Amino acid sequence: MKAVILVGGEATRLLPLTCNTPKAMVPVLNTPFLEHVVHYLSEHQIRDIILAQRHLSQPIKSHFGNGKRFGVKLVYTVEDTPLGTAGAVKNAEKYLDDTFLVLNGDIFTDLDITAMIGFHLERKAKATIALTPVDDPTSYGLIEIDARNRVTRFLEKPKWSEVTTNMINAGTYILEPEVLSHIPHQANFSFERELFPSLLEEGEPIYAYPSSAYWIDIGTPEKYTRLHWDLFSGSKPRHSCPRGEEVLVGEQSYIHPTAQIRGPAVIGSNCTIGQKVKLTGAVVIGFGCTVLEDTVIEESIIWRNTQLGQRVSLKNSIVADNCRLNDNSTVEDSILGDNVTVVNGCKLEPGSKIWPGTTVAAP
Ligand code: GDD
Ligand code: MG
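Residue numbering for the sequence shown follows our numbering, starting at 13 and increasing by one per position.
What follows is the structure in structure tokens.
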């Protein structure tokens, strides 16, 4: 079966991390997010994948190419103007002649797609939508169903007063190619607000596949971080994830014997971890980072080529590419975009979001 992954949306809620990095390429355990999704699909024998992009995203294309390195076959579609979720799939119509899968490109899940495909075929559905429970349905698409799991109503981004269930659209659909004829050519068209409600009105069989499998949308820094901690604490063995208290260290990295590292932790390749550095809680350090003497890092995610000086304290934060946290600086509960410098001795206001290229001076 072929799959279309939608990777063309806005990533504004992940700013400042996504100023230079597409949402699909943000690193999760030092691996681009989309690579986890591709790995997941191929575990379900789905290896024919269309990446539906709004603009050509060179970072995605350069990393994945034709997919061969990842054991899949990848093709790309690009939109002249943003086509919305359904319009983007219509734009890939020439590749779709049989039952196919659509995935929102910002979802990490353990949903059993193989079982969902079985359910879809057995019900002879035109569309089957995975559902997942959430605490706050207001930022998602609420879906009501009947006793046989047939969808009865869609309500995208409901107000709290409209919430009737905690089950929402999990952003995974199995579709019959006939539904493509209901989507206009080269027009902005949405599955959630347009195609699904109109199929429902026409009486087409649309089913829901509720699942309590792990599910998260990485659309905000909080959820992006939560995914890491969930992966670390989960019992399931995962692609590029340490098990238990394990510390994974990449090639050509040097860790000083006096450094104290309490796993789980992931340290990328070409890193240097200096004397008496302490890593506690869950920590991820990307490719080419340097951490100097007596620095303490706790529960943080650091991307690539970042340097932490001596006696730096970094806690509950995300630090993107090429940053400099100079000696004696303190960064807590903050998000730093690319190329940020925190000068010597500076204590960043907790809760800061720092734009790429900024130099933050001592107060
Ligand atoms: N190619 C392309 N073109 N992709 C798009 C476009 C577009 O014009 N617009 C959105 N996408 C992609 C996004 O990159 C994302 O992967 C997916 O479509 C969904 O868009 P989001 O912008 O992330 O939507 P959302 O999170 O607010 O809501 C959607 O996902 C929820 C689950 O996370 C809806 O499908 C909700 O109903 C659902 O509950
Ligand atoms: Mg989303």
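From the three backbone atoms N, C-alpha and C, an ideal C-beta is built for every residue, glycine too. Only a predicted model underlies this, so the values are computations on that prediction, with no experimental measurement involved.
Taking the straight line between their C-alpha atoms, what separation do you get for residue i and residue j?
i: L239; j: V38; result: 12 Å
i: Q322; j: S312; result: 17 Å
i: S74; j: P254; result: 27 Å
i: L260; j: G231; result: 26 Å
i: L158; j: N181; result: Leu is not the amino acid found at residue 158; the sequence shown has Asp there. Going from the Cα of D158 to the Cα of N181 covers about 15 Å.
i: P368; j: A277; result: 26 Å
i: A332; j: E214; result: 48 Å
i: H67; j: W172; result: 34 Å
i: V114; j: C335; result: 36 Å
i: D147; j: D229; result: 13 Å
i: G298; j: E134; result: 45 Å
i: H48; j: F76; result: 12 Å
i: L143; j: Y221; result: 6 Å
i: S281; j: K80; result: 23 Å
i: F45; j: T237; result: 12 Å
i: K382; j: L154; result: With the chain represented from 13 up to 375, any question about residue 382 goes unanswered, as that position is not in the structure.
i: C283; j: A294; result: 17 Å
i: G256; j: V175; result: 38 Å
i: G262; j: Q65; result: 31 Å
i: A23; j: Y185; result: 22 Å
i: P233; j: K327; result: 15 Å
i: R165; j: R59; result: 32 Å
Would DSSP call residue i helix, strand or coil?
i: R25; result: helix
i: V50; result: helix
i: T292; result: strand
i: E204; result: helix
i: T302; result: strand
i: K327; result: strand
i: L167; result: strand
i: L243; result: helix
i: P44; result: strand
i: R316; result: coil
i: L211; result: helix
i: R238; result: helix
i: A271; result: coil
i: V191; result: helix
i: R336; result: strand
i: Y107; result: helix
i: E258; result: coil
i: T126; result: helix
i: Q65; result: strand
i: M179; result: strand
i: A159; result: coil
i: A137; result: coil
i: A277; result: strand
Below 8 Å on the Cβ atoms is my contact criterion, and I expect residue i with residue j to pass it. Report the Cβ-Cβ distance as a whole number of Å.
i: T342; j: S325; result: 5 Å
i: I141; j: I218; result: 7 Å
i: L200; j: P94; result: Sequence inspection shows Asn at residue 200; the Leu mentioned does not correspond to that position. Contact holds; Cβ gap of about 6 Å.
i: K138; j: E91; result: K138 to E91, Cβ: 24 Å. No contact.
i: S329; j: D306; result: 18 Å between Cβ atoms; not a contact.
i: P28; j: I347; result: 6 Å
i: P252; j: L41; result: For the record, residue 252 in the displayed sequence is Ser; it is not Pro. The pair is a contact, with the Cβ atoms about 5 Å apart (cut-off 8 Å).
i: A225; j: L123; result: 5 Å
Which residue's Cα is closest to the Cα of residue i: the options?
i: F208; options: G79, P196, V278, V191; result: V191
i: F120; options: L243, R66, T111; result: L243
i: R25; options: I297, N338, K235, R336; result: K235
i: N356; options: N338, R205, V101, L133; result: N338
i: N340; options: G349, Q319, N351, N334; result: Q319
i: Q198; options: R162, S224, V101; result: V101
i: Y107; options: G20, K35, A15, K248; result: A15
i: R205; options: L212, E168, G183; result: E168
i: A98; options: P28, P44, S193, I155; result: S193
i: K85; options: D350, S54, T111; result: S54
i: V296; options: D350, W241, L18, L211; result: W241
i: G183; options: I309, I58, Y152; result: Y152
i: I17; options: H51, T292, K327; result: H51
i: D350; options: G275, I314, K288; result: I314
i: Q287; options: T302, T111, G20; result: T302
i: T126; options: V19, P71, I72, H56; result: H56
i: P149; options: P170, W227, E156; result: P170
Looking at residue i and the ligand COA, is the gap between the Cβ and the nearest heavy atom below 6 Å?
i: Y52; result: This structure simply doesn't include the ligand COA; it includes the ligand GDD and the ligand MG instead.
Within the structure, which residues are defined as neighbours of the ligand MG by a Cβ-heavy atom distance below 6 Å, reported in chain order? N116, D118, D229, G231
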